[in-house]
Amino acid sequence: MGAAEEGVRGDGGTGAEPGADREFLSLERELSLLMRRARASSGEMARQVHPDLEPAAYGLLVCLDDGGPQRATDLAAYIGVGKATMSRQLRALEELGLVSRAPDPADGRAWLIRLTPDGRTRFRTVRAARRAQYVRRLQGWDRAEVAELARLLGQLNSSAEG
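Read in my numbering, the sequence shown has 1220 at position 58, and its numbers run on one by one without any break.
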């Protein structure tokens, strides 16, 4: 697009609203692309864990592997879904043999969800392959840059919680 066409659009060629902050428009564009790719990647990784695993349930396996046994209500709050959705996802994971439930020793009325040994093995195999992909894709990055990206994404995730 030439300068004359940019002048006709009046947005500097971005397709943005006049006066919009370029940094936030760029952030929106990059996050949208990242999320689309992450959804596709999660679907593939979920199928690698188990052919019948829903992509949305992959995040539950991450939580359980990282945090150990947890209550369904805590998992629902962390993922940001309702109790009914969480119950459905956990039931499916149980049927696939990836998670199990056991009474919570701190509260006999509650249940703790944990990865089964098979679920842990399957998940960790896929997670290691994903980590190897990150290492390959970011091989030209300095480790400090990778750490900074992780820190900034963590900060973004934390701000989304509140």
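Every residue gets a Cβ at the ideal spot worked out from N, C-alpha and C, and that includes glycine.
query	result
Would you call the stretch 1227–1237 in contact with the stretch 1194–1204, where contact means no fewer than 3 C-beta pairs closer than 8 Å?	no
Helix or strand or just coil, what does DSSP make of A1182?	coil
Between the stretch 1257–1266 and the stretch 1301–1308, do at least 3 Cβ pairs fall closer than 8 Å?	no
Does the beta-carbon of R1313 have 16 or more other beta-carbons within 10 angstroms, so that it is buried, or is it exposed?	exposed
On the three-state DSSP scale, how would you describe P1213?	coil
How many angstroms separate the CA atom of R1305 from the CA atom of Y1296?	12 Å
For a test of the three-state rule: what should DSSP assign to G1270, helix, strand or coil?	strand
Candidates S1320, S1321, P1213, V1224: which alpha carbon is nearest F1285's?	V1224
Give me whichever residues DSSP pairs with P1265 in a beta bridge.	W1273
Using 9 Å as the threshold, is the C-beta distance between M1207 and V1288 below it?	yes
Since Q1232 sits in a beta bridge, which residues does DSSP pair it with?	I1275
What separation, rounded to the nearest whole angstrom, lies between the Cα atoms of V1319 and E1257?	What sits at residue 1319 in the sequence shown is Asn, not Val. Whole-angstrom Cα-Cα distance: 31 Å.
Give me the Cα-Cα distance between A1268 and A1246, rounded to the nearest whole angstrom.	23 Å
Is it right to say S1188 is buried, meaning 16 or more other beta carbons lie within 10 angstroms of its own, or is it exposed?	exposed
Helix, strand or coil for G1316? Go by DSSP, reduced to three states.	helix
Is it buried or exposed for S1249, if we count other Cβ within 10 angstroms and need 16 for buried?	exposed
Pop quiz: L1274 and D1266 are said to be a contact at Cβ under 8 Å. What is the actual Cβ separation, rounded to whole angstroms?	5 Å
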